Structure formats: C-alpha cells, structure tokens
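Reading the sequence shown from the start, the letters are residues 189 to 449 in my numbering.
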Amino acid sequence: MKDRPLHLASNTPAGGASDAAQAALEDKVAALNARYRHHGATEVMRAALQEAGRIALVSSFGAESVVLLHMAAVIDNTVPVLFIDTEMLFTETLVYQVELSERLGLKNVRIIRAAEAEIAAADPDGTLHRHNTDACCALRKTVPLNRALAGFDGWITGRKRFQSGTRAALDFFEVEEGTGRIKINPLAHWAPEDVATYMDENRLPRHPLVARGYPSIGCAPCTSPVAPGEDPRSGRWRGHDKTECGIHLVNGKFVRIGADR
C-alpha cells in the first residue's frame, strides 16, 4: 500500500549554510571520518561531544537505545537527550524512558512533542497514520525534531549498517544536507551481537517489548511483532511502502519538511 506523497519544502532552509560553509562542513566531516576510521564507538561518541560543537543525542528509547544512552551517561551525563513523544507510543516505551533516564543518571532529557495547534489542525481525530503515514511522521516526529535541533551543530543517532539496505554505507560522521549540521552514528559498524554483548557486559535493562518479538519499536499503531528470520525493521509500517520515518530519510534521502507539509 503506497501513501499519498507529501508536499515537501526545499532541502535548504532559510538562512542555511553558504556554499563556503557547506564546503567547510564537508571537509570537517571527511577529516573526522578519516581520523576515527579505526576507532570504536565510545571514542566516536567522545569525539562527537568534544569536537563537533553543540551536540544532542536523539533517542527513541527503543530496543537498542540503551547502548548509546549508557555511553553518553558515562562520558557526560549532561548531554541534551531529545526524546520525541509522538503521543502514540507504547505505554512500555514511556515507562522505560522514565526508568532508564533515572537509572543512568541522565540530567538533561528533553521531551519533544508536536505543537497542540498543529495536531488539532492536521490530525484532530488521531487517524492520520491510517491513510498517510508519511504525513503523520512529519507532523509528530520530523517537524518537532527539526524545531528542537535549532541551535545545535549536530546530533547523535543510533543507526547501524545492518539495519537496512539504505544504511549499508553509513559512516560515523555525515553532513546533514540542507541544515548545516553533522550527524554522528557511533554504532554504524556494529553487528547485532555487538549490541547484545554491550548490554550484557554492562547489565543494561532491555525494552520490555523486545522479549515479545519487537526488535524495532516505534509508534504503537505502526509497529508489529517480527517473525523469526524477518528483517528486524519489517514490523515498522507493515503493509506500507515505507522504511524510514523521515527523521533520517524520505524516498532514500534526507528531506527537510516545511510547515506547509
């Protein structure tokens, strides 16, 4: 089932980086990737927090989020952690977010939500996800995150190469096209067993839905259990021609979605 296309704004926001600034940013990212090519995730995380400017960690508090959250807490527990509450999340995710933040001692968790007026205008009855998943993700995730990231030089993600074909060439550091920001992917080269080993060695609590067959966890209406042998993300937007929420990719590339959606 294909969703209706969104009306997408230009990739380049008003007041965006000049050509010279963009070139400088690309050079910085290339230098960081060259310098940390053979380093581990913790070193990349430390580099991000110490060398990449004003950085936020964006976390879904999902199935594997505890790894990056633990790394951040050990290095600097005051790093801004942006948690997008779409108001359609599983209750288990909301409880996990509170309990995990307290356990790790995270001091700067920020709850990000769409503006009430925007929800009232675009999705007053909460059914937008049924007929246009892209528009729902834009409303409840992408636009609020873009707003929350204003003022930051970059952000840390939990993306990994193994998660999907669209992430197979993922680097530690990327230029986020059109925003003048850097995206940092400390776990880019990790395999599933690396994630599990880190959790075991550090005795980190799992998201409760993982044991119930949810290896990738998003909003409750758009997430289903995954059968043995299926792609870990196959339970996201099952039955739709969609693999990314739009925070990272839309139709295979990052697109900044404007207020007119």
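Note that beta-carbon positions come from the ideal geometry of N, C-alpha and C, so glycine has one too. As the structure is a computational prediction, the values presented were derived from the model and not from experiment.
Check whether the Cβ atoms of residue i and residue j lie closer than 8 Å to each other.
i      : j      : result
ALA219 : ILE370 : no
PRO393 : LEU288 : yes
THR321 : CYS410 : yes
LEU316 : ALA310 : yes
PRO332 : ARG298 : no
ARG242 : GLY339 : yes
ALA336 : ILE300 : yes
ARG491 : PRO413 : This structure cannot settle anything about residue 491, because the visible part of the chain is limited to 189 through 449.
ALA229 : LEU358 : no
ARG286 : MET387 : The displayed chain sequence assigns Val, not Arg, to residue 286. No, Cβ-Cβ distance for VAL286 and MET387 is not below 8 Å.
PHE278 : ILE372 : no
LEU282 : ILE307 : no
VAL383 : VAL217 : no
Since I believe residue j is in contact with residue i (beta carbons under 8 Å), could you give me their beta-carbon distance rounded to a whole number of angstroms?
i      : j      : result
PRO396 : GLU280 : 5 Å
LYS474 : THR266 : Here the chain comprises residues numbered 189 to 449, so residue 474 is not present and cannot be evaluated.
ASP234 : ILE263 : Checking the displayed sequence, the identity of residue 234 turns out to be Arg instead of Asp. Contact flag correct, Cβ pair sits at about 6 Å.
Out of curiosity, what's the CA-to-CA distance linking residue i and residue j?
i      : j      : result
GLU290 : ALA261 : 11 Å
LEU245 : LEU256 : 8 Å
ARG391 : VAL232 : 22 Å
GLY342 : ARG225 : 19 Å
VAL398 : ALA209 : 42 Å
MET276 : GLY314 : 9 Å
CYS407 : SER247 : 14 Å
LYS295 : PHE249 : 15 Å
ALA236 : LEU270 : 16 Å
ALA211 : GLY368 : 10 Å
TRP378 : MET259 : 14 Å
MET189 : TYR402 : Its pLDDT being 37, under 50, MET189 is placed unreliably by the model, and nothing is read from it.
LYS348 : HIS227 : 15 Å
ALA323 : GLU365 : 21 Å
ALA447 : CYS325 : Residue confidence is low: ALA447 scores 29 on pLDDT, short of 50, so the model does not pin down where it sits. Its coordinate-derived value is still stated next. Going from the Cα of ALA447 to the Cα of CYS325 covers about 13 Å.
PHE361 : ALA222 : 10 Å
LYS441 : THR385 : Low local confidence applies: a pLDDT of 44 at LYS441 is under 50, so the model's placement there is unreliable, and no value is given.
TYR284 : ALA302 : 21 Å
Let's see if you can read the secondary structure: which residues bound the alpha helix (DSSP H) around residue i?
i      : result
GLU275 : Run containing GLU275: none; DSSP gives neither H nor E here.
ILE405 : Careful: ILE405 lies outside any alpha helix (DSSP H) and carries neither H nor E.
GLU515 : This structure cannot speak to residue 515, because the chain is shown only from 189 to 449.
ARG291 : 279-292
PRO152 : Outside the shown range of the chain (189 to 449) lies residue 152, about which nothing can therefore be said.
ASP388 : 380-389
PRO332 : 331-336
Hey, quick one: how far does the beta strand (DSSP E) through residue i stretch, first residue to last?
i      : result
ARG318 : ARG318 -> not in any beta strand (DSSP E); alpha helix (DSSP H) instead, spanning 316-319.
ARG298 : 297-300
GLY342 : 342-344
Legend entry - Unbroken stretches of the alpha helix (DSSP H), 4 residues or longer, contained in the stretch 223-259: 229-239
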